[in-house]
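In terms of the working numbering, the sequence shown opens at residue 51 and continues consecutively.
A virtual CB, placed ideally from N, CA and C, is assigned to each residue, including glycine.
Heads up, the thing below is written out as structure tokens.
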Amino acid sequence: MERRKGERHQAAARVRVLHVGAALLVVCAVLSARLWQLQVIQTHQYREMAEHNRLHPQRLKARRGTIYGRDGLILADNRPACDVVLVPADCGEPEAVCAKLASLLDVDAEALQAAISAQRHHPFEQIVVKRDVTRTDLIRVEEHAYALPGVFTVVNSQRRYIFGTTGGQLLGYLGEIGPKELEQRKDRYTMGDYIGRSGLEQQYEPVLHGTDGHTVVTRYAWGRPQLRTDLRGNPYIAARDSYGHELEEAYRLDPVPGNPVYLTLDIHLQAKAEELLREEVGAIVVLEADTGAVLALASTPGYDPSVFVMRGCDRERRELLNAGRPQPMVNRAYREMYP
């Protein structure tokens with residue numbers, strides 16, 4: 051009897067050992083399959099993710115110098131604007147990303163691809179996709195972020211002309227730097243930067259244009275550094291990225307803002323001079339007799355330089371640049387000859 055009982059115990063023990071062994075074999079098989087999947091099938095995906103958990107250089111754009119009139123009145127300064135930018139180094143499939151951006155933001159996909167190709171030697175420099183985007187555009191980009199690697203939004207400073215058309219001819223306007231100009235000025239400018247094209251903006255370009263800085267932060271695979279500007283227009287990186295990861299700043303070189311320019315122009319006298327000219331084609335110059343200081347320098351017809359930096363003004367820009375006589379882009383106070 052005891053013998054049979056012992057045999058039954060031994061048989062039960064063998065069954066338990068077999069069950070445990072089978073379970074261990076199943077676990078080992080599952081782990082082996084998972085390891086094979088991670089190391090063989092998904093190796094490219096995880097290598098990409100690891101590569102993107104890295105130090106990421108970020109440009110800190112310097113704000114343009116403020117232009118002041120007589121008695122310290124601000125004539126031109128900067129306001130915060132949200133831009134959509136693309137970093138080629140983080141963009142895995144440029145053609146697909148450009149096509150997606152074209153459908154979302156109504157931008158030229160071919161021109162964007164050409165810009166990426168032109169910047170192949172500087173893959174970490176930002177390419178501006180669209181400036182001063184609306185809240186609707188911003189939401190579209192955030193909703194489709196999964197399909198837009200290397201694309202993110204930054205807050206930059208945008209030029210603002212306080213008095214609109216008043217003094218616009220004298221102040222001048224800004225335009226995006228061209229490829230040839232960039233070759234000559236690449237020490238202080240990058241693709242997408244604005245440069246003075248006429249008037250005081252052009253004359254004092256070396257003074258008004260600041261020197262960009264940069265920072266190097268930890269970039270996570272699922273998250274983007276968020277560029278912000280403070281109340282004075284100086285750029286900085288938010289403490290957390292778009293996914294809430296806390297960023298570590300490995301290196302920082304602060305930007306140097308452009309220098310201010312102080313004028314003797316009396317903007318109220320300027321407005322009166324332009325009002326006197328009304329629809330006439332001509333110019334009025336008012337000088338201070340004792341010092342020769344320029345108090346007013348009016349020219350009509352004139353223009354509002356804001357249209358060259360504001361969104362939705364493409365038609366107005368084309369009309370101004372291609373306008374025939376009377377040419378609103380010509381300042382008759384110092385660029386015309388009179389008998």
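Three-state secondary structure assigned by DSSP to residue i
i                 : result
histidine 194     : coil
aspartate 121     : helix
glycine 249       : helix
leucine 370       : helix
glutamine 234     : helix
isoleucine 227    : coil
phenylalanine 174 : coil
valine 257        : helix
glutamate 101     : Note that glutamate 101 has pLDDT 48, beneath the 50 cutoff, so the model's placement of it is unreliable and the number below is only indicative. Three-state result, glutamate 101: helix.
threonine 116     : coil
valine 46         : Residue 46 lies beyond the range of the chain shown here (51 to 389); nothing can be said about it.
valine 380        : coil
leucine 345       : strand
leucine 162       : helix
leucine 337       : strand
valine 147        : helix
Minimum C-alpha distance to residue i - residue among the options
i              : options                           : result
arginine 247   : Glu226, Leu162, Ser153 and Ala168 : Glu226
glycine 214    : Arg190, Ala126, Ala348 and Arg235 : Ala126
isoleucine 117 : Thr314, Asp262 and Thr265         : Thr314
tryptophan 212 : Asn128, Leu347, Ala112 and Leu81  : The sequence shown places isoleucine at residue 212, rather than the tryptophan named in the question. Isoleucine 212 has its Cα closest to that of Asn128, out of Asn128, Leu347, Ala112 and Leu81.
methionine 379 : Lys322, Ser207, Phe202 and Gly218 : Gly218
leucine 167    : Tyr196, Ser153, Cys141 and Arg210 : According to the sequence provided, residue 167 is serine. The question's leucine does not apply to it. Selected option, being the one with the closest Cα: Cys141.
glutamate 193  : Arg302, Phe174, Leu155 and Asp340 : Leu155
glycine 228    : Asp133, Tyr244 and Pro256         : Tyr244
proline 130    : His318, Ser207 and Val266         : Ser207
alanine 383    : Leu136, Arg209, Ala346 and Val147 : Ala346
isoleucine 177 : Thr184, Leu151 and Glu338         : Leu151
threonine 203  : Ala300, Arg170 and Cys132         : Cys132
proline 305    : Ala139, Leu110, Pro173 and Cys148 : Leu110
glycine 362    : Ala112, Val183 and Ile124         : Val183
cysteine 148   : Ala139, Gly342, Val179 and Leu327 : Val179
arginine 210   : Glu338, Arg114, Gly119 and Val76  : Arg114
proline 310    : Glu143, Lys230, Gly260 and Val76  : Gly260
leucine 198    : Val157, Glu143, His172 and Leu220 : Glu143
arginine 390   : Tyr312, His264, Ala323 and Leu327 : Outside the displayed range of the chain (51 to 389) lies residue 390, so it cannot be described from this structure.
lysine 322     : Leu188, Pro173, Thr216 and Leu123 : Thr216
Beta-bridge partners of residue i, as assigned by DSSP
i              : result
asparagine 128 : Arg209
glycine 332    : Thr350
glutamine 108  : Thr265
leucine 303    : His264
threonine 203  : Val134
lysine 180     : Val134
valine 311     : Ile117
tyrosine 239   : DSSP output for tyrosine 239 lists no bridge partner at all.
Proximity test, Cβ basis, 8 angstroms: residue i and chain D
i             : result
aspartate 127 : Among the chains of the structure shown, chain D does not appear; only one protein chain is present.
Span separating the alpha-carbon of residue i from that of residue j
i             : j             : result
leucine 350   : glutamate 325 : Rather than leucine, the amino acid found at residue 350 in this sequence is threonine. When rounded, the distance between both Cα atoms is 10 angstroms.
alanine 348   : glycine 249   : 12 angstroms
glycine 200   : proline 307   : 27 angstroms
leucine 224   : tyrosine 196  : 35 angstroms
leucine 10    : valine 137    : Since the displayed the chain opens at 51 and closes at 389, residue 10 lies outside it and no answer follows.
lysine 236    : aspartate 262 : 12 angstroms
valine 134    : glycine 242   : 12 angstroms
glutamate 175 : alanine 139   : 9 angstroms
leucine 81    : leucine 75    : 10 angstroms
arginine 120  : histidine 171 : 46 angstroms
valine 335    : glycine 222   : 17 angstroms
glutamate 145 : arginine 365  : 28 angstroms
glycine 122   : glycine 352   : 24 angstroms
heavy atom of the ligand FAD below 7 angstroms from residue i C-beta
i          : result
valine 257 : The ligand FAD is absent from the structure shown, which contains no ligands of any kind.
**Request:** Assess, as a yes-or-no matter, whether the segment 349-357 is touched by the segment 366-385 under the definition of 3 or more beta carbon pairs within less than 8 angstroms.
**Result:** yes
**Request:** For the segment 375-382 and the segment 329-339, state whether three or more C-beta atom pairs, one from each stretch, are separated by less than 8 angstroms.
**Result:** yes
**the segment 147-164 contacting the segment 106-114, beta-carbon criterion three pairs below 8 angstroms** = no
**Message:** Could you check whether the segment 183-198 touches the segment 255-269, counting it as contact only if at least three pairs of C-beta atoms, one from each stretch, sit closer than 8 angstroms?
**Reply:** no
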